[in-house]
Structures are given as structure tokens and as C-alpha cells.
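First the structure, in the form of C-alpha cells, and then the observations on it.
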Amino acid sequence: MLASITPLGERSRGFSWGVTASAFAVGAVGAGAAGGALGGALGSLAPGGPWRMATGLIVLVAAIGFDATPLTRRLPTSRRQVNEDWMGRYRGWVYGVAFGAQLGAGLATVVTSAAIYAAALGAVLCGTVAAGAAVGAAFGLTRALSLLPARMARDGDGLMRLHAVLGRLERPARRLVVVGEILGLALLIGGLA
12 MLASITPLGE RSRGFSWGVT ASAFAVGAVG AGAAGGALGG ALGSLAPGGP
62 WRMATGLIVL VAAIGFDATP LTRRLPTSRR QVNEDWMGRY RGWVYGVAFG
112 AQLGAGLATV VTSAAIYAAA LGAVLCGTVA AGAAVGAAFG LTRALSLLPA
162 RMARDGDGLM RLHAVLGRLE RPARRLVVVG EILGLALLIG GLA
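Residues are numbered in our numbering as their position in the sequence shown, beginning at 1, plus a constant of 11.
Right, dumping it as C-alpha cells:
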């Protein structure tokens, strides 16, 4: 779906890629922040204490266990995708916000990495609305930035290059997710010391 929101695709529908991509970013960051705030609010209902840090460590170790091994293909998920029919039915900014919100929420579409679950649980474990919203907004921003490579698809050749680049980047991106999880784990362990 993200490969459909390109300058070429938006131009063919009579819309501006910049407007649609900006709307996508607003939706992703907004939904991420709202979901994180909700998670933080739920977490605030639980008592504080060292269990939060210990749970965070367990969550990150489990996420690494999934994402760094073939278990990632066994990750529980739904098969729900965003509705591509909206691209022919609504204005670019409408489906931009909607698609961004669904991806920024994290759990509303197919989950491809345990890091998505770890981020959601991290927002809960923060135990405050503000901290949860910050975690969610950071997650949403990461999802929004995933649309940037689509800028190269201004014509048919660019679209072919985009798909080739995305194919080449899949494995390194998965490794980068694991590196991020390991860094998060190191930060948590450092916080315990």
C-alpha cells in the first residue's frame, strides 16, 4: 500500500503527493500519540515499582527472540490491511490521514515485527499519559517516515527503482529493528544500575 502513495500515483489520481504524505504523517503521529496516551493511562492504574522495568526487560528480550530468528514468521497478527479502495473514492488527504492513523496505531493492521508489540507495551509500562503519548508519537513518526522513499517514484522507472530498493532494504531494515531493540534493552539495563 505504501508503494501506492507515490508522486506518480497521486498525480494519476489528481492529487498532490506532498499533501497526501503530510496527511499520512499527521495521521500516523496523531494516532500513535493517542494510542500511547491510552496505554499510559491504563498503565497508570497499576501500582508503580520495579515490576515495570522487569516487565520491560522481558518484553524486549521476547521481541528480540522473535525478530532476530525465524520465529518472526510465527508472530501473532491479523491479516487486516488498509482499504485500497479508498484511493479511488476519497481525496488524497482523507486516505492519507486514515492510512497513517491505522499504521500509526500499530496494531490496526498486519504486525510484521515484535517491536510493534513492544512499543505498545512500553507505552503501558511508562505508567503516565504523557510518557505513553511520547512513546506512541515516536512510533507513529517512525511509521510516517516509512513513506519517504516513495518520493523517488515520479515516473514508471522511478516506481521500478522504488520496488527494487524496498526489496533490497527489507533484510537490513529487519536487522536495524533488532539493533533498536537491543539498544532499548541496554538502556533499560542501564536504568537498573
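Glycine residues also receive a C-beta, built at the ideal position from the N, C-alpha and C atoms.
- DSSP, read as helix, strand or coil, puts Tyr128 in helix.
- If you compare the alpha carbons of Arg84, Leu86 and Ala109 with that of Asp96, the shortest gap goes to Ala109.
- Leu132 sits buried, since 16 or more C-beta atoms from the chains shown fall within 10 Å of its C-beta.
- Bounds of the alpha helix (DSSP H) holding Glu21 are Pro18 to Ser23.
- In the DSSP assignment, Met64 falls within the unbroken alpha helix (DSSP H) covering Trp62 to Asp78.
- Judged by beta-carbon spacing, Gly51 lies within the 9 Å limit of Val146, meaning their Cβ atoms are closer than that value.
- In this structure, DSSP gives Val121 a state outside helix and strand, which the three-state scheme calls coil.
- Contact between Leu194 and Gly67 is ruled out by a C-beta separation of about 13 Å, above the 8 Å threshold.
- Here the C-alpha atom of Ala45 lies approximately 9 Å from the C-alpha atom of Val140.
- Around the C-beta of Pro18, 16 or more other C-beta atoms lie within 10 Å, and the residue is accordingly described as buried.
- One thing to note: Ala34 has its Cβ no nearer than 9 Å to the Cβ of Gly117.
- Counted as a single uninterrupted DSSP element, the alpha helix (DSSP H) harbouring Arg154 occupies residues Val140 to Leu156.
- Here the alpha carbon of Gly138 sits roughly 4 Å from the alpha carbon of Gly54.
- Taken through DSSP and simplified to helix, strand or coil, Val93 comes out as coil.
- Here Gly47 has Ala134, Gly143, Ala144, Val146 and Gly147 as same chain residues with Cβ atoms under 6 Å from its own Cβ, once five neighbours each way along the sequence are excluded.
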